[in-house]
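2 protein chains.
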Amino acid sequence: MNPRGCARIASGHPWIYRQDVVSGPEADARTGGPTLVAVLDERRRPLAHATWAAQSPVALRILQRQSEKKPLPELMALVAERFEVALAWRQRLALDRDALRLVHGEADGLPGLFVDRYADAAVMQTTSVAMDAARPALAEFLKKRLGVRIVVARDDGSARDFEGLPRVREIAAGGGATEVVYRLGENRLQADLLTDSKTGGFLDQADNHAVVAALAPPGARCLDAFTYHGGFALALARRQGAVLATDEDAQAVARAKANAARNHLSNLEVRQANAFDLLRSLEADKQHFDVVVLDPPALAKRQAGDHAAFRAYQEMILRGLRLTKPGGLAVPCSCSGRVSRAQFDELVSAAAAQSGQSLQILERRGAGRDHPELAGVPETGHLKCWILRVL
Amino acid sequence: MNPRGCARIASGHPWIYRQDVVSGPEADARTGGPTLVAVLDERRRPLAHATWAAQSPVALRILQRQSEKKPLPELMALVAERFEVALAWRQRLALDRDALRLVHGEADGLPGLFVDRYADAAVMQTTSVAMDAARPALAEFLKKRLGVRIVVARDDGSARDFEGLPRVREIAAGGGATEVVYRLGENRLQADLLTDSKTGGFLDQADNHAVVAALAPPGARCLDAFTYHGGFALALARRQGAVLATDEDAQAVARAKANAARNHLSNLEVRQANAFDLLRSLEADKQHFDVVVLDPPALAKRQAGDHAAFRAYQEMILRGLRLTKPGGLAVPCSCSGRVSRAQFDELVSAAAAQSGQSLQILERRGAGRDHPELAGVPETGHLKCWILRVL
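First to last, the protein sequences are chains W and D.
Residue numbers for the first sequence, in the working numbering: 1 to 391.
Residue numbers for the second sequence, in the working numbering: 1 to 391.
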C-alpha cells in the first residue's frame, strides 16, 4: 500500500484503488486466489483486512481497520456476524412494511453485498469479486437465516461491469414463483423479483411514499408522473382524491394498474405516457394538483452530459411547480449520484425563481433508514426527495 | 430599482439591499413615512409591493411580485390573510405538541414577522421597520385571532440591531404570568416567554426530539450535552434508560431539573457543566452511551472566525462519536447559518475519519415543518440535525 492508499484507509474510506496498491496476489477469488488479504503499509505494518480483486479498478474493499497483526477472518463468518447486526437494526426500526433492505453494502460493513427482503423472498446483489465468488454460500445462508422461500440473485446491474463481473440474474436458492406480493403500509404490491427493475421495487423510497401521503390533504388531487409500480400513487390514493399515475414503460403501467386493482383504489388512474410530454400537456390544459410527485429514473445517466441532465431536472421541477396549486405540495426526487444535495437545492431554487412562485422547503429527505449512507462515501446515498410547498 | 435589484426581485428573493434602490421615500413607518411602497423598474413599470425601510441595509422586503399596477394593500389586511394560510397549514400538520411556530417570516410570505404559540400564550418577533411599527396592531390581532391569554414581544434579538431597531421585550397584549407550561409529545415543559432564551424554547428542534427518542432503544443510556430546558433529554428519558443532561447556564439547568421533576422522570439527571469539559472528562472516564445528542448554541457566532468555529464543531462531533457505543446513535446539530449543510457533512466525515469509526448517516434533518425554509433563501433555514449510527 503506498502512502496515498494508507492515508485513504486511515480516513476510513472503504475503497482502495489499484494504483495505490504496491503489490498484491496475482489471482483473486474468481481465479483461485485469496478472497481476503491483510493490507500492510510500506514498512509492512498491518493496516486492515480487505477483500481482494486482482483486476478491477477497486482493488481492495476494507472490511476492518486494525493496527495489530491478526489472523484473517473467514468471509462467511464475517458476513454472518455483520448480518446479525444489520438485521437487529432493521428490526428495531419497526418499519410498517414487509419489504426492506437488510444489507446496504459498505454502509453495513459488508462491501459489495446488498440484500433486500420482499415478504417470503430475498434478493441479493454482489458487486465485488469476493462477494461474487461467495454467491452460492451467501444464497444458502440467506435462505436459512431468513427462512425465505426463495433467494433471487440480481447481479445484472451496471456496477458489475465496473468490476469486470458478468451480468447474471437467477434463482440462487430455494424455488417457486419469482413474482411476489409484498406490503408497503396499507398497500400490497406485486413485483417479479427476477425480471422487474432493480431488485423488483425501489424500496429506498418506501418511507417517502408514506410521509408524502400523510402530508397530503384528504381528497387531494395528485399526480405521480414516473410511477413505476405505483409506489407514491398507491399511498396518495389512500387519501381518497383522484390520483393520476403515469409511466413510459408499458410493463410498469400494467403492474401499477394491477396494484391499483389489488388495493381496490378505483380513484387511481394509471396511464402510459412520457412524463415530460405529459407535464407539458397538463400545463397546456391548465390542470392543477394538490400534490405533484416527480421521481424519475436517473436523468443524469441518460443524458449526454451533466449540463443536459441538470437542465432536464430543472425543467422537470419547473413544470411540476407550475402544475401545483397554491398551498399544494411538489415532491421532486433524484436518484442520480451525479447530482449532489447542494446541487439539487440549486436546481429547486432556480426552478422556483423561474416559475415565479414562492416555495417552502419542508424537508430534504433521502433514502429510508434501512438504506443508510456511509459517512464520507456519498456514493452510498444518492437519493434525494425534497418535499416542497407552494405558497 | 436598478437592474440588479430588478433581477433579484425576478429571482424571487424577498430582500432588496439599499444600494439597488435608485430612489425611495425619505421617511419610513418608523419616522412617519409609508409602511408599504410600490416597487418600479427604471422605466417605472411595476415590479412588486414591499415594506420599506429608509435606513437599514435591507431597504425593501417583497410582499408580492406583480407586473400590473395595483393599489397598495394595507399591511394588517395582508397579515390577516396570510396568517390564515399559515395557520391552516400548521393545523394540517397535526403536530403532537401545543407549542409551535405559526409564522416563519419570509417563508410564510410575511417578511419580518415571527409568531410562536405556547399553550395559552403567543410570542411575536418583528425584524423589519414596517412590522415593528405595526407591533400594537399585530399583538391585538394575535390575541384575538388565537384566543390567547397573553402576547409577549421578544424583540430583543440581534436581527433588530441590523435593522437599526431598538431591542425590547415586553407584554404586548393581554396579561398574567409570562411563565407558561407547554406540551411537547408526552412531556410538559415550563418556560418564561419574556426572559428565557429565544422565544422561551427552541421549537425548531421539537420534532427532532421525538424522532431521536423513537430511534433510541428501550433503556438507552443517553447524553444530552447542551440540554437547555431538557428538550432532547426529556424525550429520551421516556425510553426508561439513564439520561445525563448538562448545560453551562445555571438557569437552564434549574429549568431542566424542574421539567424532569414535573414529568416524574427520575432517570434524568441534570448537571451544570461546560459541554466540552464534560465530553473530555466522560471520555477520560471511558464512559459510553447509546445516544449522544450535541445541540450547541451557534458556535460559529461565538468564535473569532469561521475556521475556529468549524474546528469547534469538528471537535464536538469527534468527542461525541468517541462516547457513542457501537450500534449507538450520535446526533450532532448546528444552528449556525454560517455552516452550510454540505459543510456540516464534511465536518461529520472528518470527525468519523479521525475517530476511526464507521458511521451511518440515517437522516439529515432540519427544523420542523412548522419552520419551513424559503427556497433560495438559506438564511431562513439554518438548523442541521444529523442522526448518525456508529457501526
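Cβ coordinates follow ideal geometry from the N, Cα and C atoms, glycine included.
C-alpha gap between residue i and residue j, whole angstroms
i      : j      : result
W:A233 : W:T227 : 7 Å
D:V151 : D:V79  : 16 Å
W:K286 : W:A107 : 45 Å
D:P326 : D:Q360 : 11 Å
D:A308 : D:L318 : 15 Å
D:R280 : D:C222 : 16 Å
D:R271 : D:L329 : 22 Å
D:A250 : W:A375 : 36 Å
D:E379 : D:G337 : 6 Å
W:A353 : D:R43  : 22 Å
D:D28  : D:S56  : 10 Å
D:V243 : W:T51  : 40 Å
W:R311 : W:C385 : 18 Å
W:L142 : W:A122 : 8 Å
W:A153 : W:P166 : 13 Å
W:P218 : D:A94  : 13 Å
D:R341 : W:N267 : 39 Å
W:E81  : W:Q66  : 18 Å
Simplified DSSP state of residue i, which is helix, strand or coil
i      : result
W:Y182 : strand
W:H104 : strand
W:A367 : coil
D:K257 : helix
D:H307 : helix
W:N2   : coil
W:A375 : coil
W:Y17  : strand
W:T31  : helix
W:G231 : helix
D:Q190 : strand
W:T380 : helix
D:A99  : strand
D:F141 : helix
W:G320 : helix
W:V37  : strand
D:P297 : coil
D:P136 : helix
Residue(s) in a DSSP beta bridge with residue i
i      : result
W:M124 : W:V115, W:A153
W:V270 : W:A245
W:R169 : W:R154
W:I62  : W:A50
D:C333 : D:C385
W:G24  : Partner(s): none; W:G24 has no beta bridge.
D:L223 : D:L244, D:V292
D:Q360 : W:L374, D:R389
7 Å Cβ cutoff met for residue i and residue j
i      : j      : result
D:L464 : D:M124 : The question about residue 464 of chain D has no answer here: the residues shown for chain D are numbered 1 through 391.
D:A220 : D:V331 : no
D:L278 : D:A350 : no
D:F289 : D:L323 : yes
W:V115 : W:V103 : yes
W:A191 : W:R30  : no
D:I62  : D:P25  : no
D:T246 : D:A284 : no
W:T118 : W:V180 : Before going further, note that residue 118 of chain W is Tyr rather than Thr in the sequence given. Going by C-beta atoms, W:Y118 is nearer than 7 Å to W:V180.
D:G356 : D:L383 : no
W:L391 : D:G201 : no
W:A256 : W:H229 : yes
W:A216 : W:R239 : yes
D:D20  : D:G33  : no
D:R90  : D:R188 : no
W:M1   : W:V39  : yes
Test: residue i CB closer than 7 Å to a CB of chain A
i      : result
W:P372 : Reference to chain A is not applicable here, since the protein chains of this structure are W and D.
Exercise. According to a CB-to-CB cut-off of less than 7 Å, which residues of the region 344 to 359 of chain D neighbour chain W?
Worked result: V348, S349, A352, A353, G356, S358, L359
Exercise. If contact means a Cβ-Cβ distance below 8 Å, which residues of the region 29 to 43 of chain W contact chain D?
Worked result: none
Problem set entry | Residues from the region 207 to 239 of chain D in contact with chain W, defined by Cβ distance under 7 Å | P217
Exercise. If you measure beta-carbon to beta-carbon, which residues of the region 189 to 200 of chain W are closer than 8 Å to chain D?
Worked result: none
Exercise. In chain order, what residues of the region 138 to 168 of chain D put their CB closer than 9 Å to some CB of chain W?
Worked result: none
Exercise. What residues in the region 79 to 90 of chain W bring their beta carbon closer than 9 Å to a beta carbon of chain D?
Worked result: R82, V85, A88, W89
For this session: Could you please tell me which residues of the region 123 to 134 of chain D, in chain order, have their CB closer than 8 Å to any CB of chain W?
Result: none
Problem set entry | Residues, ordered as in the chain, of the region 7 to 21 of chain D that lie near chain W by beta-carbon distance below 9 Å | A10, S11, G12, H13, P14
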